[in-house]
Structures are given as structure tokens and as C-alpha cells.
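The working numbering puts the first residue of the sequence shown at 2, with every later residue one more than the last.
C-beta: ideal position from N, C-alpha, C; glycine also.
Step one of this worksheet: look at the structure below.
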Amino acid sequence: MELPRKWSGRLFSPAPGLATLHAGDFPLALSDGQFGDRSTSSMPAQATFIALTEYRPGAGLEPGGGLFSPKRIPLPLDPASFAPDRLAHPRPGQAGTQHFFSAAGRPFCLYVVVAGGRSPRRRQLVVLDHVLGSVSIGPRR
């Protein structure tokens, strides 16, 4: 993933063998949950946050099947997919979207939060599409 200037990013493992990536155009919390609850609680106006969280296959979760059947991140992001009721923790002035998919045999959830209104501004979408377009997911090692 390529991050623009003034963005910060963090890759961590919430459980052995799984990866979560956080990125945003504001300082991120160093200790945070998979969907960035601490980071998104302190988002300034017009800020953008991305969480890309990997899930463990098994117990009915199969990469490429069901909820995880899409094979890629949906780009360009659809501004109509952002809404306050799509947030993990609804907050005034924020809207979010999520998309489940599989890549390289690995299941993921993309969760994006924008601050500054009910829908993302064009500038936010252009940057988000660029950042998410630079994501490269390989097979599990």
C-alpha cells in the first residue's frame, strides 16, 4: 500500500497469522481494535480512515464464498455506499462503508470512515481510490 504524504499507517496482528492494516490522514491510535474505534473517535473534520482486516477461514467462513465471494476491493468507491448507519460506532459527522472480499485465498473486510458529513467529498474519494488501488495482497506464508 502506498500512502500519501501526511498519512500514517499501521500493520498489526490481532491474532496469530492474521493481519490488520489501519491508515488515515490524521495521527492514528497506537493501540486500537480491528476497526479503529480509538482512532475514529478522534478523527478531525474532513479526515479519512481505512481498516483492512483479515478473517480466519473455518467454522463456515470460506474464502471466495458467501459474504466473501467478491474477489477484490470495489474501485472506484461508490459515494452512495457511505452512510452513518454503516459505522461500527456511529458518531456525529461521520459516515462509513464496508466491503467483504477475498484475495489470494484470504478473506478480508474493508472498512472506511470519512468525517465531515453524510457522504465523502470528491477529494476524499479520489485519495481513497488511489490508496486502495495500491493495495497488494499475497498468499498467506
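Query	Result
Outcome for arginine 127 when other beta-carbon atoms lying within 10 angstroms are tallied against a minimum of 16	Correcting the residue identity first, residue 127 is valine in this sequence and not arginine. It counts as exposed.
Nearest-angstrom beta carbon gap, valine 114 and leucine 78 [assumed within contact, 8 Å]	Contact flag wrong, Cβ pair sits at about 12 Å.
Glycine 25 - partner residues in DSSP beta bridges	Ser9 and Phe50
Closest by C-alpha distance to glycine 34, when choosing among Ala48, Ala16, Ala46 and Pro45	Ala16
Classification of alanine 116 by the beta-carbon crowding that lies within 10 angstroms, buried from 16 upward	buried
Buried versus exposed, by CB contacts within 10 Å (16 or more), histidine 23	buried
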